[in-house]
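Residue numbers (the UniProt record's numbering): 1 to 96. To keep things clear, I will list the structure first and then write my remarks on it.
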Amino acid sequence: MLKEVQIIFEACNTVRAMFKSFGVVIYKCEVSMDNGFREELRALLEGKKIEQMVPPRVFMKGFYIDGAEEMFKVMEKGLLDQLLEGLLGKKHRGCL
Numbered sequence: 001m002l003k004e005v006q007i008i009f010e011a012c013n014t015v016r017a018m019f020k021s022f023g024v025v026i027y028k029c030e031v032s033m034d035n036g037f038r039e040e041l042r043a044l045l046e047g048k049k050i051e052q053m054v055p056p057r058v059f060m061k062g063f064y065i066d067g068a069e070e071m072f073k074v075m076e077k078g079l080l081d082q083l084l085e086g087l088l089g090k091k092h093r094g095c096l
């Protein structure tokens, strides 16, 4: 169990660093402390498999994007700046 927690922790930090390198302001959400956010997250992830719910999960402009591996692929393909268009330099919510 501890190994899984460490893997998730490292993935979250890596995704956070990736977004910060693009100048994105990150808003971390503590789902265990916020019932409203937890319900919103459940609704956004409705119908997803359990492995699709493991952190980090990325949301932009109110839409579910995907997880760490998928975000790395998007960045490697040079598509991340397209996803971030209109967001850079603005305060916005992103939950990692």
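Backbone N, C-alpha and C define an ideal beta-carbon position, used for all residues, glycine too. Just so you know, these numbers come straight off a predicted model, no measurement behind them.
I need the straight-line Cα distance from ARG42 to GLY78, nearest angstrom please. Looking at the two C-alpha atoms, the distance is approximately 30 angstroms.
Taking only the alpha-carbon atoms, compute the straight-line gap between ASP66 and MET33 and give it to the nearest angstrom. The alpha-carbon atoms of ASP66 and MET33 are separated by roughly 23 angstroms.
VAL58 in three-state terms, based on DSSP: Correct three-state label for VAL58: strand.
Could you please give the first and the last residue of the uninterrupted beta strand (DSSP E) stretch that includes ASP66? 63-67 is the span of the beta strand (DSSP E), which, as asked, contains ASP66.
How about MET60 and LEU44: do their beta carbons lie closer than 7 angstroms? MET60 places its beta carbon 7 angstroms or farther from that of LEU44.
Using DSSP with H/G/I as helix, E/B as strand and the rest coil, what is LEU83? The answer is helix: DSSP assigns LEU83 an H, G or I state.
Excluding the 5 residues preceding and the 5 following GLU69 in the sequence, name in chain order all residues of the same chain whose CB lies nearer than 6 angstroms to its CB. Excluding positions up to five away in sequence, the list is empty.
What are the boundary residues of the alpha helix (DSSP H) that includes GLY36? Segment 35-44, the alpha helix (DSSP H) holding GLY36.
VAL58 beta carbon less than 7 angstroms from that of MET71: The Cβ-Cβ distance between MET71 and VAL58 falls below 7 angstroms.
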